[in-house]
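Here's the structure we're looking at; comments come further down.
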Amino acid sequence: DSGVTQTPKHLITATGQRVTLRCSPRSGDLSVYWYQQSLDQGLQFLIQYYNGEERAKGNILERFSAQQFPDLHSELNLSSLELGDSALYFCASSVRDPGGGYTFGSGTRLTVV
Amino acid sequence: GQSLEQPSEVTAVEGAIVQINCTYQTSGFYGLSWYQQHDGGAPTFLSYNALDGLEETGRFSSFLSRSDSYGYLLLQELQMKDSASYFCAAEMDSSYKLIFGSGTRLLVRP
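Chains H and U are the protein sequences, given in the same order. The opening residue of the first sequence carries number 2 in the working numbering; numbering runs sequentially from there. The opening residue of the second sequence carries number -17 in the working numbering; numbering runs sequentially from there.
Here you go:
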C-alpha cells in the first residue's frame, strides 16, 4: 500500500457518459497530480493541485475537470466520454520536495464501450 | 516544445549491467527523475538528479549532465524481477510537475 488511495479500481461505462475518479493523497502530502496512461504509452500529465488550488495544467481536455477539497482528496471528472478516453488514470502525491519523488496510487482503469 | 527521448526497448541477460538513456528538450529544467513500472502496476520512484553527476542507490544509479541535456539509469546485477518499464521524467518548473518520457521496456533474460 503506497498510501495513495484511488477509487474505483475499474470502471466500465458507455460513450457519452460522465464519471468521477477519486484520489486520497498520502498523509502530509499537499500536492496531487493526475496522469493518463493509454495502452503501452507514457504518462500524460493532466493537472496538479496544491493545497486546494490548481497549480499547473497539462494537456487536459475541456471535457475533463478536477478539484481538490479541503481534506486534500481530489476528484477527476470526465464527461462526454469517448472510446479514446479508455486508459489508466493515475493519481500521485508528493511533499514539496522533488527529491522525494511522487507516490502513485494503483490507478483507475477506465474502459469506455 | 517539451520532450524526453528514451529507447523503446532494451534486452539484457540476468546478472549483467544495462544503461537506459534519456535526452530531454525543455523550456526550463530543475531535475530528472526515474520511475519503474511493472505491467499493470503503478510507477514507483527510483531516483532523482538535480545536479550533474552520479547518484547511487543500491543496484541502481542515475546520472545527469545538464550541459548535454542527458541522463541515464544504470542497473547492475540484473535480476528477472527488473523486467519492467522505466520512465525518465523532467521537472521543468517550480510547480514540481513531472513530464514523462514514453518509457523503456526492459526485458531481462535468463
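Think of the CB as a built atom: it goes at the ideal place given N, C-alpha and C, for glycine as much as any other residue.
A Cβ of chain U is located within less than 8 Å of the beta carbon of L44 (chain H). R19 (chain H) sits close to L79 (chain H), with the two beta carbons spaced by under 8 Å.
Every unbroken stretch of the beta strand (DSSP E) spanning 3 or more residues and falling wholly within the region 21 to 84 of chain H is given here in chain order: 32 to 38, 45 to 51, 54 to 58, 65 to 69, 75 to 79. In terms of CA proximity to H74 (chain H), H:A93 leads the group H:G59, H:A93, H:L84, H:Q37. The beta carbon of G85 (chain U) sits closer than 8 Å to some beta carbon of chain H. If you look at Y54 (chain U), you'll find it in the beta strand (DSSP E) that goes 52 to 57. In this structure, the alpha-carbon of L56 (chain U) lies about 17 Å from that of L33 (chain U).
Less than 8 Å separates the beta-carbon of L47 (chain H) from that of F65 (chain H).
Of the candidates U:S(-15), U:V(-5), U:Q19, U:Q19 places its Cα closest to the Cα of Y68 (chain U).
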